[in-house]
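Colleague: Heads up: the sequence shown begins at 356 in the numbering used here, then just goes up one per residue.
Ideal Cβ positions, reconstructed from N, Cα and C, are used throughout, including at glycine.
The structure's right below; bear with me while I get my questions together.
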Amino acid sequence: MLHQVAQFMARRVWYAWLLRVAICSAGTLLIGPLSAASLLWFFPTGDPDALRQMQGWLIAAIIVSSIVAMVLTYYFVRLCFRYLDQRDPSELRMDINARMPVMLLSGCIVSANVLAVIFLFQLALGWIEVKSVSDPFNSLFLLSAFTSLVQFASIGFAEEVRYRAYGYASGEGSVPLPVLVVANAVIYALLHAQYNQFGIIALVNLMVIAGFYIAALHFFNSIWFGVGFHFAWDFTQVSVFGLAFSGTGNTSLIVIEQSGPPLLVGGTALIEAGLLYFVVFAAATSLIVYLLRQRSAGVAPV
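Structure, rendered in structure tokens:
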């Protein structure tokens, strides 16, 4: 393996790979803000009173811009792969087919259940105190929850398509697997460096989480399980359990106060900075890798 890595570094193929990833990432990172700006341009942003009167239209614009951003990101990534990589976009593992809704739903269910177990575990240990439960039929809560749902769907989709579909597939065949996995994980982890709780533990945890998504990509041969998992992870922790931002009122179904040790449970802006999440994702990644090896050996069913 070390010889393979040395040969790869000597050929300097990684320059071309990083350049392709940088171009694709820059383009997709601009799509979201440009989509939002193109719609929000019509609103009187300098007049708070007028904005309050147009709140419904403003939320609709945010939702529409998120959906437009997902569509544009999908096709932009396919174009990058076809023309920058000169390869068939089907290798991105993000084709829209009959498996897509099943994979999305499976990812959502697994993610929500994992977070539910983590929430109940912390609740049992007294690390979480439930302050209140929002009325799920309150119109303000429903509007906020739906807006969050669309926004988190857009974020989860964009990150998985950008870094797992394109970033990973672009390096396959030219970048040694160990280098590709580690580089992909480091890039993904460093994207979260703007959070206050970001540090060594968060860096390692997020790299492990990236490894989990890559393992799932190989196991299902599809990006859609990861997209569903990523979306549901963000939405469930924020809008259901209130794990990311406690005391957020109508934005979360369950309003909590978290008092567990930060070393284990992370912080109010980045729960993935806790060792608890390292254990969860390291175990999940190990399980998927084990199943992949079993399948390659003809032991586990495909």
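Out of R448, F474, L572, which has the shortest C-alpha to C-alpha gap to Y632?
Modeller: Reading the sequence shown from its first residue, position 277 is the one you call residue 632. Among R448, F474, L572, the Cα nearest to that of Y632 belongs to F474.
Colleague: Name the DSSP beta bridge partners of V610, please?
Modeller: By one-based count along the sequence shown, residue 610 stands at place 255. Beta-bridge annotation (DSSP): V610 is paired with S487.
Colleague: Pair every Cβ in the stretch 578 to 586 with every Cβ in the stretch 442 to 449, then say whether three or more of these pairs are closer than 8 Å.
Modeller: yes
Colleague: Since T502 contacts V432 with CB under 8 Å, what's their CB separation in whole angstroms?
Modeller: One-based indexing of the sequence shown puts residue 502 at position 147. One-based indexing of the sequence shown puts residue 432 at position 77. T502 to V432, Cβ: 25 Å. No contact.
Colleague: Apply the 10 Å Cβ neighbour rule to G604 and answer buried if 16 or more other Cβ atoms are within range, or exposed otherwise.
Modeller: The residue given as residue 604 occupies position 249 in the sequence shown. Only weak support exists for where G604 lies, its pLDDT of 43 falling under 50; the coordinates are left without a value.
Colleague: Rounded to the nearest angstrom, how far is the Cβ of S525 from that of D440, given a contact under 8 Å?
Modeller: Numbered from 1 along the sequence shown, position 170 holds the residue referred to as residue 525. Numbered from 1 along the sequence shown, position 85 holds the residue referred to as residue 440. Contact holds; Cβ gap of about 5 Å.
Colleague: Nearest by alpha-carbon distance to L535: which of P456, F636, R519, V469 is it?
Modeller: As a working mapping, residue 535 is identified with position 180 in the sequence shown. Closest by alpha carbon: R519.
Colleague: Extract the residue ranges of the alpha helix (DSSP H) inside the stretch 461 to 514, only unbroken runs of 4 or more that lie entirely within it.
Modeller: 494 to 514
Colleague: Report the rounded CA-to-CA distance for V620 versus R437, giving the unit in angstroms.
Modeller: Within the sequence shown, the letter at position 265 stands for residue 620. Within the sequence shown, the letter at position 82 stands for residue 437. Between V620 and R437, the C-alpha separation is close to 42 Å.
Colleague: Can we say the stretch 548 to 560 touches the stretch 625 to 639, given the rule of at least three CB pairs closer than 8 Å?
Modeller: yes
Colleague: Alpha carbon to alpha carbon, how far is V563 from F636? Give it in angstroms, no decimals.
Modeller: Locating residue 636 in the sequence shown gives position 281, where the first residue counts as 1. Locating residue 563 in the sequence shown gives position 208, where the first residue counts as 1. Answer to the nearest angstrom: the Cα atoms are 7 Å apart.
Colleague: Three-state secondary structure (DSSP) at G566?
Modeller: Taking the sequence shown and counting its residues from 1, the one referred to as residue 566 is at position 211. In this structure, G566 counts as helix in the three-state DSSP scheme.
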